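Q:
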Amino acid sequence: MITAQMPHAAISQPLNELLKQNPPVAIGVSGGKDSQAAAIATIRHLDSLGHCGPRLLIHSDLGTVEWDDSHRVCAETARHLGLELITIRRKAGDLMDRWEARWQSSIRRYCDLSTVSLVPCWSTPKWRFCTSELKTHPIKAELRRRFRGQHIVNVTGIRRQESARRAKAEICTHNELWTDWRPIIEWTEQEVFAAIAEAGMQSHPAYRCFGMSRVSCRFCIMSSLPDLHAAARQAESAPIYRTMVDLEARSAFAFQGGRWLGDIAPDLLDPPLRQRLDAAKQIAAHRIRIETDLQPDMLYVKGWPVRMLTDTEAAILASVRQRISAIYGFDAKCLDPTSIHDRYRELIELKATKAA
């Protein structure tokens with residue numbers, strides 16, 4: 340089924356010794372090429388060692404943002420390799436639900452002066468809660484429940500070629516009851532596709548038919564401009580595209596920082612939504628100008644608030660909050676220096692009480 344011409348899995352001696360003890364091995368799959376190749380490389384290596392512990396594939400379904408074929412590709416990979424496929428979903432809703440909830444939370448926190456500035460609703464390359472909250476945490480929780488008390492080997496399809504950050508990744512990392520293994524970390528993209536073909540499988544249609552360079556969500560915070568355009572050309576993408584642009588319009592935060600998703604395929608939007616998006620861009624520009632009045636040491640940091648504001652700072656923050664609340668139509672509290680001082684005092688006292 341799997342030929343010997345494909346590259347070997349990256350391995351270390353300690354990992355080999357661990358695998359010889361037949362621990363459960365769980366391979367995370369998304370439907371993308373790298374997780375597919377990682378599954379192929381892992382099973383080949385386990386077979387060569389005579390590993391006879393539990394093996395499975397695990398997929399975290401992100402909901403409406405997923406490509407229609409992603410789960411099918413995961414299931415076909417599982418059947419081809421003779422493995423069980425576990426599919427998990429976030430109990431509190433899918434990724435679109437998480438973005439929506441984050442925006443509502445941002446409004447509440449801003450109106451209550453629990454943060455200094457509005458927080459974007461979208462994931463960002465620096466803070467990829469879409470990965471941590473909807474993939475990493477639920478997958479680890481399910482595996483620990485299923486293999487309680489056992490040392491688990493968790494396989495991911497990370498490759499050094501993908502980014503500067505991933506270039507620094509190690510073959511494996513260990514703790515007491517968990518090992519993360521990256522078997523294709525040294526592989527090139529060409530080797531990934533070749534391994535899938537040699538194993539007698541096909542990669543996701545998004546690569547072969549849609550012209551995508553990477554497969555994750557239909558519209559990903561990490562997507563290149565060509566990938567965004569390619570995704571928008573697919574009929575299955577239109578409903579989630581409109582939903583995401585609607586959130587851009589309501590929040591006045593662009594999906595990719597300075598790049599508005601609504602500009603990718605405006606022909607998919609009805610006139611009212613296009614008008615609301617144009618208004619959102621003006622609000623965003625106005626918000627950015629207003630927030631430049633905030634001095635750097637007034638901004639939110641871990642443990643905020645770390646001190647009381649001066650009268651001058653409180654007056655600046657009051658002015659900023661008044662103007663931001665006006666352009667969004669928020670019914671915000673703490674719009675004058677006195678109430679801002681009172682709120683800071685309350686927050687500092689609450690923090691001291693919790694610390695005690």
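Take any residue in the sequence shown, count from 1 to its spot, add 339: that is its number in this note's numbering. Each residue gets a CB set at the ideal place from its N, CA and C atoms; glycine is no exception. Predicted model only: the values in this text are computed from it and were never measured.
(1) Just list the residues that DSSP pairs Arg394 with in beta bridges.
(2) For His513, list the residues DSSP reports as bridge partners.
(3) Between which two residues does the alpha helix (DSSP H) containing Glu356 stretch?
(4) Using a threshold of 8 Å, state whether the C-beta atoms of Ala365 and Ile510 are closer than that.
(5) Taking the C-alpha atoms as reference points, what is the distance between Leu689 and Trp643?
(6) Does Arg598 come out as helix, strand or coil in the three-state DSSP assignment?
(7) Over what stretch of residues does the alpha helix (DSSP H) that includes Leu424 continue unbroken?
(8) In the segment 494 to 563, which residue ranges form an unbroken beta strand (DSSP E) of at least 3 residues, counting only runs that do not cross its ends?
(9) Give me the Cβ distance between Trp406 and Phe594, rounded to the nearest whole Å; I'm assuming they're in contact under 8 Å.
(10) Less than 8 Å between the beta carbons of Gly371 and Arg553, yes or no?
(11) Following the continuous alpha helix (DSSP H) through Arg383, name the residue where it begins and the one where it ends.
(12) Taking three-plus beta-carbon pairs below 8 Å as touching, is the segment 346 to 364 in contact with the segment 489 to 503?
(13) Just grab the DSSP bridge partners of Ser399 for me.
(14) Using the rule of at least 16 other Cβ atoms within 10 Å of the residue's Cβ for burial, across every protein chain shown, is Glu442 buried or exposed?
(15) Would you give the residue range spanned by the alpha helix (DSSP H) that Glu405 belongs to?
(16) With distance defined between alpha-carbon atoms, name the residue in Leu434, Arg447, Val458 nearest to Thr470.
(17) Can you tell which of Thr403, Thr454, Ala349, Ala417 has its C-alpha closest to the C-alpha of Leu656?
(18) What residue range is occupied by the uninterrupted alpha helix (DSSP H) comprising His680?
(19) From this set, Ile663, Leu482, Gln529, Asn514, which residue's C-alpha is nearest Glu501's C-alpha?
(20) Enumerate, from N- to C-terminal direction, the unbroken alpha helix (DSSP H) stretches of 4 or more residues contained entirely within the segment 620 to 645.
(21) Look at the alpha carbon of Thr342 and the alpha carbon of Glu537, and state the distance between them as a whole number of angstroms.
(22) Quick one: grab the DSSP three-state call for His347.
(23) Check whether the segment 398 to 418 and the segment 514 to 531 are in contact - that is, three or more C-beta pairs closer than 8 Å.
(24) Give the range of the alpha helix (DSSP H) segment to which Ala665 is assigned.
(25) Would you please state the rounded distance, in angstroms, between the beta carbons of Leu586 and Trp466? I believe it to be under 8 Å.
(26) Can you give me the C-alpha to C-alpha distance between Val531 and Pro464, rounded to a whole angstrom?
(27) Beta-carbon within less than 6 Å of Arg505's beta-carbon, same chain only, minus the 5 sequence neighbours each way: which residues are those?
(28) Taking the alpha carbon of Tyr639 as the reference point, which residue from Gln375, Pro346, Tyr683 has its own alpha carbon closest?
A: Walking through what the data contain:
(1) Residue pairing by DSSP places Arg394 opposite Val364 in a beta bridge.
(2) His513 is bridged to Thr518.
(3) Counting along the chain, the alpha helix (DSSP H) containing Glu356 begins and ends at 352 to 358.
(4) Their beta carbons are not under 8 Å apart, which means Ala365 does not touch Ile510 by this criterion.
(5) Spanning the alpha carbons of Leu689 and Trp643 requires a straight line of approximately 11 Å.
(6) The answer is strand: DSSP assigns Arg598 an E or B state.
(7) For Leu424, no alpha helix (DSSP H) segment is defined; the enclosing uninterrupted segment is the beta strand (DSSP E) at 423 to 427.
(8) Counting whole runs of 3 or more residues, the segment 494 to 563 contains the beta strand (DSSP E) stretches 511 to 514, 517 to 520.
(9) Beta-carbon to beta-carbon, Trp406 and Phe594 are separated by about 17 Å, too far to satisfy the 8 Å threshold.
(10) Against a cut-off of 8 Å, the Cβ pair of Arg553 and Gly371 comes out as a contact.
(11) Going by DSSP, Arg383 is part of the alpha helix (DSSP H) stretching over 372 to 388.
(12) The segment 346 to 364, when compared against the segment 489 to 503, does touch it at the 8 Å Cβ threshold.
(13) DSSP lists Ile427 as partners of Ser399.
(14) What sits at residue 442 in the sequence shown is Trp, not Glu. It is buried - the Cβ of Trp442 has at least 16 other Cβ atoms within 10 Å.
(15) No alpha helix (DSSP H) contains Glu405, which DSSP labels as neither H nor E.
(16) Answer by Cα proximity: Leu434.
(17) Closest option to Leu656, Cα to Cα, is Thr454.
(18) Its alpha helix (DSSP H) spans residues 676 to 694.
(19) Checked all of Ile663, Leu482, Gln529, Asn514; the closest Cα to Glu501 is Gln529.
(20) Restricting attention to alpha helix (DSSP H) runs no shorter than 4 residues, the segment 620 to 645 encloses none.
(21) Low per-residue confidence applies at Thr342: pLDDT is 46, beneath 50, and the placement is therefore not dependable, though the value from the model is reported in the following sentence. The alpha-carbon atoms of Thr342 and Glu537 are separated by roughly 6 Å.
(22) Reduced to three states, the DSSP call for His347 is coil.
(23) No contact exists between the segment 398 to 418 and the segment 514 to 531.
(24) From DSSP, the alpha helix (DSSP H) with Ala665 extends over 650 to 667.
(25) Actually they are not in contact, since the Cβ atoms of Leu586 and Trp466 sit about 17 Å apart, beyond 8 Å.
(26) Their backbone Cα atoms lie some 24 Å apart in a straight line.
(27) Hits under 6 Å: Ile497, Arg499.
(28) Tyr639 has its Cα closest to that of Tyr683, out of Gln375, Pro346, Tyr683.
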